[in-house]
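> To start, I am sharing the structure in question, which I have written as C-alpha cells.
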Amino acid sequence: MKRIVRLRELGVGEFAEDKALAREICQEEILPKLQAGKRVIVDFRGIEAMGQGFFYQLVALAAEQYGEVAYREIVFRNVKREIGETMVGVYKGLQITLA
Amino acid sequence: MKVIFSNQGNLRNVRKFFEKIDLSEPGRLEVRAAGGWVAAHPAQLAITASLALQAGKWESEIDEKMPESGKILAEMGLYEFVRNKATFGAEVRDEGAMVPLMMVRDEGERAELMRRIGRLMIGVEQRRMVQYVVGCLVDNALGWSGVAPVVAVKYYPKTRKVGIAVCDAGKGVWGSLDEVWRPRNDLEAIRMALRPGVTGASEGLGGANVAAGMGLFAVRGMAKLMRNYFLVYSGAGMYELMRGDRRLKRKLRADPILDRHFATNDLPPFLGTLVAMDVSVDEVGSFQGMMNEVTRMYVGALVEADEQQTYIPKIMGRNV
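Heads up: the sequence lines are chains A and B, in that order. Just so you know, the first sequence maps onto residues 1 to 99 in my numbering. Just so you know, the second sequence maps onto residues 1001 to 1320 in my numbering.
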C-alpha cells in the first residue's frame, strides 16, 4: 500500500473545493493507511488554491476516528504558503469542534 | 402565486421585489412585468424558478405581453421552468457572461455547474471566488434542505460584478436549525446560521465531522471583505448585508447584526431558502488570501468559545 496520496491524480482540480470528493479521498485513501499504522503523505502538488471546506472534509473523519494519531501521522507536502495558512486555521477549528 | 418583474434588477433593491410576491394559490404561478422594461438579478430569477418548481411546470406561466427587454428571462432559462415558450426571437446565450438557471441534483450536475462557471470571462482569482461561493451554497442546500437547488450566475461587464443566487424550496433555515437550536422565528434562525460554527448537525459551536458550520459564515465574510451585497431570504425572514463604507477598515464580525445590514421578519413566507450575493471583480485580489482572513475569523470565534491547546499541520520541506 503506497503511503503517498497524490490529490491531482485522484481527480482534484487546481482549485480544490469539492467537499464530497475530499471526504471520499479521506475514506478511500487516508483512513485505510492510518488503519494499517502508516504515516500518510498527502501531496498537494498542482493545487493552486483551496476552499477551507475541502481541507476540513479531507481530514475531519480521520481526526474524529484517530484523534491525536491523525494529527501526527498525516503529513502534507508541496503546499503553497497561502494554502498552508488555510490549513492551520482549519486544523485549529477542527480540534476545537471535535474536542 | 404571482411574481412581478420591474426595471429594478439589482440586489440593492431586490427587497421590493420580494415584498410584492403574492404567495396565495400555491398550486399556480403567474409571472408578469410591471412597465415597459424588465431587469432581473439572478436572485429574482432563482426564486421565481423555485416557485415554478413548487407550483409545477404546467401550472406556471410567463405573461405573453412581456416587453422585448424581458428576453433576459429567456436568456437566463426561466422559460424552461414554465409551460409557455418565449415569444422573442432565437435566444443567443453568451457562455462567457452567464450560467443560466440550472438545477443541481447530484455530483455530476455540480461538476457541470463548476465547468460552466469556469467559462465566465473573468480572471482566475475571481472565477475561484465564484466557484467557492456557489459550491458552498449548493453543498449547503443539498446537505440541509434535502431538495435540489436552482442556481443562476450572471456577469455584468459594465459594473464588473458577478451576480450569484442559489435557491431551494426545502425546509428553510428555521427548519434546518429547529431541532438543535430552537430559533424563535425565521430571522433569528438566519442570524444563527450566519454565525461561525453554527450548524444543524450538533449543539454548541462547530459541528460533527460532517459540517464545520463555516460555509454560510464564510460566504458572508467574503461579501464583507469585497464590500458587496449579500442576502439570505427564508420563511418570512430576510437578512441583507449592506455595502461597507470604503473609508472604514474591512473587519469581520461573528454576529451578523453588528455589520451594516437590513433585517426583517415580515416578508411573504417563502418555503425554502434563497442566498444571493454579488462578487465585484475588482475587489478580489487573492482568493486564498481572503479565504485565510475568513478562516482566521472563524477560528477566532471558536477559540473565544473554547480556549485550548491546538496542533498545527505538519508540512514537509519548504513551502512552494
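Backbone N, C-alpha and C fix where the C-beta goes; we use that ideal spot for every residue, glycine too.
Taking only three categories from DSSP, how would you classify A/K92?
Three-state result, A/K92: helix.
> Spatial neighbours of B/N1185 within its chain, please: C-beta separation below 6 Å, excluding the five flanking residues on both sides.
Closer than 6 Å at Cβ, skipping near neighbours: N1265.
> Compare the beta carbon distance of B/L1029 and B/V1003 with 8 Å and say whether it is the shorter of the two.
Yes, these two residues count as a Cβ contact at 8 Å.
> Against chain B, does A/K33 count as a neighbour if the rule is that its beta carbon must be under 8 Å from one of theirs?
Not one chain B Cβ lies under 8 Å of A/K33.
> Give a yes or no on whether the C-beta atoms belonging to B/A1040 and B/G1077 are separated by under 8 Å.
No.
> For chain A, find out if any of its Cβ atoms is closer than 8 Å to the Cβ of B/S1286; answer yes or no.
B/S1286 counts as touching chain A.
> What residue range is occupied by the uninterrupted alpha helix (DSSP H) comprising B/P1042?
Counting along the chain, the alpha helix (DSSP H) containing B/P1042 begins and ends at 1042 to 1055.
> Does chain A have any CB closer than 8 Å to the CB of B/Q1308?
Any reading at B/Q1308 needs caution, since the residue's pLDDT is 45, under 50, leaving its predicted position unreliable; the model's value is listed next. So, interface residue.
> Assuming B/I1190 and B/S1234 form a contact by the criterion Cβ under 8 Å, report the distance between their Cβ atoms to the nearest whole angstrom.
Confirmed, Cβ separation roughly 6 Å.
> Go through its chain and collect everything with a Cβ distance to A/R8's Cβ below 6 Å, but skip five positions before and after it.
Excluding positions up to five away in sequence, the list reads G46.
> Can the beta-carbon of B/I1117 be found less than 8 Å from the beta-carbon of B/Q1126?
For B/I1117 and B/Q1126, no; Cβs fall outside 8 Å.
> Using Cβ-Cβ distances below 8 Å, what residues of the segment 72 to 94 of chain A are close to chain B?
So the close ones are R72, I74, V75, F76, R77, N78, V79, K80, R81, E82, I83, G84, E85, T86, M87, V88, G89, V90, Y91, K92, G93, L94.
> Can you tell which of B/L1274, B/V1284, B/E1080, B/F1270 has the C-alpha that lies nearest to the C-alpha of B/S1024?
Of the listed residues, the one whose Cα sits closest to B/S1024 is B/F1270.
> Looking at B/D1168: is its Cβ nearer than 8 Å to the Cβ of B/V1147?
Yes.
> Ignoring anything shorter than 3 residues, give me the beta strand (DSSP E) runs that lie fully in the segment 1210 to 1273 of chain B, in order along the chain.
For the segment 1210 to 1273 of chain B, whole beta strand (DSSP E) runs of length 3 or above, ordered along the chain, are 1230 to 1235, 1237 to 1241, 1261 to 1264.
> Compare the Cα-Cα distances from B/T1295 to each of A/E64, A/Y66, A/V5, A/M87 and report the closest residue.
Checking every option, the nearest Cα to that of B/T1295 belongs to A/M87.
> Would you mind stating whether A/F15 and B/R1253 have Cβ atoms separated by less than 8 Å?
Against a cut-off of 8 Å, the Cβ pair of B/R1253 and A/F15 comes out as no contact.
> Under the rule that 16 or more other beta-carbon atoms within 10 Å means buried, what is B/W1058, buried or exposed?
Exposed: under 16 other Cβ atoms inside 10 Å.
> From A/L94 to B/R1105, what does the alpha carbon distance come to, in whole angstroms?
In a straight line, the C-alpha of A/L94 is about 29 Å away from that of B/R1105.
> Run the CB neighbour count on B/E1064, radius 10 Å, all protein chains shown included, and call it buried at 16 or more, exposed below.
It is exposed - the Cβ of B/E1064 has fewer than 16 other Cβ atoms within 10 Å.
> Report the three-state DSSP secondary structure of A/A49 (helix, strand or coil).
Residue state, collapsed to three classes: strand.
> Taking only the alpha-carbon atoms, compute the straight-line gap between A/Q27 and B/V1173 and give it to the nearest angstrom.
A/Q27 and B/V1173: Cα-Cα distance of roughly 29 Å.
> Could you compute how far the alpha carbon of B/G1035 sits from the alpha carbon of B/P1067?
C-alpha separation (whole angstroms): 8 Å.
> B/V1275 to B/A1043, Cα distance in whole Å?
Rounded to the nearest angstrom, the two C-alpha atoms are 8 Å apart.
> Count Cβ pairs between the segment 74 to 81 of chain A and the segment 31 to 51 of chain A that sit closer than 8 Å; are there 3 or more?
At 8 Å Cβ cutoff, the stretches touch.
> Establish whether the CB of B/I1315 and some CB of chain A are separated by less than 8 Å.
Interface residue, yes.
> Please list the partners that B/D1063 has in chain A, where partner means a Cβ-to-Cβ separation under 8 Å.
The premise fails here: B/D1063 is roughly 39 Å from chain A at the closest Cβ pair, so nothing lies under 8 Å.
> Counting only beta-carbon atoms, is A/K38 nearer than 8 Å to chain B?
Not one chain B Cβ lies under 8 Å of A/K38.
> Taking 7 Å as the cut-off, does the CB of B/A1218 come closer than this to any heavy atom belonging to the ligand SAH?
Questions concerning the ligand SAH fall outside what the structure shown contains, since it holds no ligand whatsoever.
> Could you give the distance in angstroms between the alpha-carbon of B/L1374 and the alpha-carbon of B/G1317?
There is simply no residue 1374 of chain B to check, as chain B begins at 1001 and stops at 1320 in what is shown.
> What is the rounded straight-line gap between the Cα of B/M1098 and the Cα of A/V5?
Those two C-alpha atoms are separated by around 36 Å.
> Taking the alpha carbon of B/A1049 as the point to measure from, which residue in B/R1115, B/P1100, B/K1071 has its own alpha carbon closest?
Taking only the C-alpha atoms, the option nearest B/A1049 is B/P1100.
> Thinking just about the alpha-carbon of each residue, which of B/V1031, B/R1260, B/L1258 is nearest to the one in B/A1052?
It is B/V1031.
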